[in-house]
Structures are given as C-alpha cells and as structure tokens.
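Enquirer:
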Amino acid sequence: MSTAYLRCMGEDCRQEYPLDHREHLCERCGNLLDVRYEFAWGLPGAPLDPCALRDTWERRKSSSAVIDQSGVWRFRELLPFVSAGAQIVSLSEGRTPLVDVARTGDWAGGVRLAIKHQGNNPTGSFKDLGMTACITQAAAVGSRVTACASTGNTSASMAAYAARAGMRAVVFVPFGKISAAKMAQSLEFGAVVIEIGDNFDQAFQMLRALAEEMGLYLVNSLNPFRLEGQKTIVLEILEQRDWRVPDYIVVPGGNLGNVSAIGKGLAELREAGLIDKLPRLVVVQAQGANPFYQMLANGASAVVPISEPRTEASAIRIGHPVNWRKALRALRLTQGLCESVTDDQIFAAKAALAQDGVGCEPASAASIAGIRKLVQAHTIEPGADVVAILTGHQLKDPEIFLRHRTAEDMSRQRIHVDADVEKLRAALEGVLLQSA
Ligand SMILES: *Cc1c(COP(=O)(O)O)cnc(C)c1O
C-alpha cells in the first residue's frame, strides 16, 4: 500500500535511509530526517480514497481493539511505518476533547476560540502521541534502553511507554528545574533520572555525547517517529470539526517538534485530498526562551541559541530548539506566524482559561497569550476561527501556579477557620457578601 523510509529534509541533500537506521541526523549533511511515505493517493477504489478513509476512521471509534481506540493508531493509514503484525505500544493516547472557550475568546480580543486539550492524555501531555509511535519503532528495531533529555513531560511519557514495552528508561533532566509532579511520574514508572546541567539544552548535549556509544535509543523530538505520532493532533482536530479547516492553529513552541509535526500532518492531509486549504500555523514562544521568534523577527538565516533560557513555563524553557528547520518549513507551508509573550502574559491567559473552567500547565497558556497579542497587533482579525492547542495538564505544575497567586487572591479564596460553628458562620457570611 505504501513504502516508508527516512529522508534528509535538506533540499539539496535528500539522502535516503531505511526505517531501521539508528541515527536521527543525516550522515552526509547533519540535517534532520523525515519519515516519508510513497502513498498510493487518489487511485480510484484504493484504500486511501478520502471519503473511504474518513469512514474507516469514524468506524474505528466504536471498535474495542487497542489500535482502534488509540487516537494515533486509529489513523494508521497515515503512519504506515509499522509492519503488519508488529507490536504496537499504546496506552490509548489521543482522543482528546475540542472545547469551545467563549470567555477566553473574548479575552483574547473577540476570536471564535476552541481549545484542543492535550493534557487529557495518559501521562498528561501531547508527548504521549509521539511516544506511542517512537517506542513502537524502538521495539521494532529491538531497543532495550530508551533515553531522553527533558523538561519533564517527555521523561514522564517515555517512562510510561518504556515500562509498557518492557524497556529500561533513562531520563536526563536539568538539576532542580522540573516540577515535582513530572519527577514523580518518571520515578513511579521506574525510570532512572539523571539530573544534570542547568537547563534542557545542557542535559540534551550531555545525553547526545554518549547515547550512541552506550546504545541508548534516543526519543527526543529529533527522532522523526515522534513527529509521526504528534501529527495526528491535526487529524483529530479536523475530524472533530467535520473537516472544516480553521483559520489558525496555535501552539506553544519549545523544541519546536509539535509545530513541525502539525505542519507535516497538514501537508499530507492536503496531498491526500482530505482538505483543500491550510490553516495558518502560529507558534508562540516565551520571551526569555524565544530564539526562533528572534530569528524570524531579525530576518536571520539560522537560530542563535540562547545559553540561559528563562521562563517559568518550564516546558518551553529551551534555548536551542533542535527542530527549528522543520518549524520554519511548517510556517512557510502555511503562511504561519511566530509570536513571543512574557510570563505575565502567560499567567494572565491561564487565568482567562480558568474562567471557562479549563486548566492547563503554564506553557500551554502561551498559545492563548499569543493569540491576544496578535489580535491586538491586528494580525489576527476579530471573529477569526481559531484552535489553540493546550499541550499539558493543569496538575503538571501546581507549585508555579500557587506561587503566582497574590496575597489578595489568597486571603479571599483560602480561609482557615477554627472548627467552631459561630466562627464558621461569620466566615461564610463574609464569603456570601463578597460574591453578592
Ligand atoms: C514539550 C512541551 C511543549 C513544547 O513542545 P515542542 O514540541 O518542544 O515545541 C509545550 N508545552 C508542553 C506542556 C510540553 O510538554
């Protein structure tokens, strides 16, 4: 039905490699690799006919087979790198909700806004979509030990999927820089956690220095199989919208794997005839960790790494994003945009979402903060149809949220009362007066 292989993304290289090639960068030019397929698109009666595909995907929703339950493998016609009968390592990832958030849309400047909540994944972030694909591939090539550098979510996800596959997991995280919740997840799933360096980029550099020599299977997002899983985010979004393409899809950017994956998904969907136009992709970085934004704003031809990235949105505290070339390709494809927001703007966006009853981890709220800024700049038009991807779960980083509460918020919302009915009555009277 289709042939799958790896190919260098460099336009003047295009070196090809077999799927089981262990290196994640091109040996000839050092550029990133893509998983490529020779699809039999559009042939009459072929299994890749757009209508037939939609029906097949729809039908699988009511199946109880593991690969039909998964929001990644349900779309397996578009990620045909797994040979028939191979073990699929899945935790029923994906299938996340698309929720209208009218108040937040007003707050952002009057856009029609829905959020695609990737926090509703088995380990609480979109990383699970990439991990099911990547660990499935690791199993196919017989890997025993997986490794990643992480700001916390990749490690939690890898630890879970490695456990499921019966592999060992070694995670590299910056010392003292990941949230307690993310650390606890990795430990609970049995990973060995190596705390090294001050930031993600340093931890990643250390891992890369020894990964090959030590025979570790690297699952960071320079591994192209990660992106294959993550591209299904856009399939779910479109399916949930009856294949109506939004004006914008907005995503926070750290290592820039997700925006790259979504761009690849969109390109393939258009090639397959499932959509006939593309949304504009918007990637939003935190101001202290925005090398991609700066590159575009300065019209530079390459990313200049930031050696000490700073932001409280720890999931996007990355100074040297490995996927910037793929992200650039995705923005070019979709006439996309890049924005940069401060931590204050991120926390204000998080508070706006909370009024719609939606929680997320701080990095996720960067999407919303970016939309507001782009509407204010008249780049996104009021009334635009916008989908923001919330990348991680509210409970991933409660410490940061609590630290951001003002004393005033706290005295209004968190009240200690002696176990005495009269004192309780007085306290409740105060509460009711407040909300009147
Ligand atoms: C990993 C992550 C990001 C950044 O995604 P990239 O693909 O690295 O750009 C954003 N938010 C959360 C919650 C994440 O876990």
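Counting in the working numbering, the sequence shown runs from 2 upward without gaps.
All residues carry an ideal CB built from backbone N, CA and C; glycine is no exception.
Considering only heavy atoms of ligand 1, does any lie closer than 7 Å to the CB of Ile234?
Expert: No, the Cβ of Ile234 stays beyond 7 Å of every heavy atom of ligand 1.
Enquirer: Please confirm whether any heavy atom of ligand 1 lies closer than 7 Å to the CB of Ala316.
Expert: Ala316: yes, Cβ under 7 Å from ligand 1.
Enquirer: Please list the terminal residues of the continuous beta strand (DSSP E) segment that includes Ser365.
Expert: Here Ser365 belongs to no beta strand (DSSP E); instead the alpha helix (DSSP H) covers 363–377.
Enquirer: On the three-state DSSP scale, how would you describe Ser144?
Expert: If DSSP states are grouped into helix, strand and coil, Ser144 belongs with coil.
Enquirer: Per DSSP, what kind of secondary structure is Thr4 in: helix, strand or coil?
Expert: The answer is strand: DSSP assigns Thr4 an E or B state.
Enquirer: On the criterion of 16 or more Cβ atoms from any shown chain inside 10 Å, does Ser308 qualify as buried, or is it exposed?
Expert: So Ser308 ends up on the exposed side.
Enquirer: Compute the Euclidean distance between the alpha carbons of Tyr285 and Ala370, then round it to the nearest angstrom.
Expert: With the sequence shown as reference, residue 285 is identified as Val, and Tyr is not the correct amino acid for it. Approximately 8 Å between the Cα atoms of the pair.
Enquirer: Would you list, in sequence order, the uninterrupted beta strand (DSSP E) runs of no fewer than 3 residues that lie entirely inside the stretch 221–299?
Expert: Segments of the beta strand (DSSP E) lying fully in the stretch 221–299: 249–253, 281–287.
Enquirer: Please report how far the alpha carbon of Asn383 lies from the alpha carbon of Val418, in whole angstroms.
Expert: Note that residue 383 is Pro in the sequence shown, not Asn. Going by the C-alpha atoms only, they are around 46 Å apart.
Enquirer: Taking 7 Å as the cut-off, is the CB of Glu382 close to at least one heavy atom of ligand 1?
Expert: Because no heavy atom of ligand 1 lies under 7 Å away, the Cβ of Glu382 does not count as near it: no.
Enquirer: As a quick exercise: from Lys351, Asp35, Leu54, pick the residue whose alpha carbon is nearest that of Gly11.
Expert: The shortest C-alpha separation from Gly11 is found at Asp35.
Enquirer: Smallest Cα separation from Pro123: which of Asn154, Tyr218, Leu267?
Expert: Considering only alpha carbons, the answer is Asn154.
Enquirer: Going by beta carbon distance, what residues of the same chain come within less than 7 Å of Gln377, once the five residues before and after it are set aside?
Expert: Same-chain partners within the cutoff: Gly110.
Enquirer: Below 7 Å, is the gap between the Cβ of Leu396 and the nearest heavy atom of ligand 1?
Expert: No, the beta carbon of Leu396 sits no closer than 7 Å to any heavy atom of ligand 1.
Enquirer: Just to confirm, are Ala350 and Arg373 a CB contact at a threshold of 8 Å?
Expert: Cβ distance < 8 Å, so Ala350 and Arg373 count as in contact.
Enquirer: Would you mind listing the beta strand (DSSP E) stretches within the stretch 303–368 that are 3+ residues and don't spill past its ends, in chain order?
Expert: DSSP runs (the beta strand (DSSP E)) wholly in the stretch 303–368: 338–342.
Enquirer: Since His118 sits in a beta bridge, which residues does DSSP pair it with?
Expert: Note: His118 sits in a beta bridge opposite Leu391.
Enquirer: Name the DSSP bridge partner or partners of Ala150?
Expert: Note: Ala150 sits in a beta bridge opposite Phe173.
Enquirer: Cβ-heavy atom distance between Pro253 and ligand 1 below 7 Å?
Expert: Checking the Cβ of Pro253 against ligand 1 gives yes.
Enquirer: Give me the residue from Glu28, Leu7, Asn32 with the minimum Cα distance to Ala303.
Expert: Comparing Cα positions, the closest option is Asn32.
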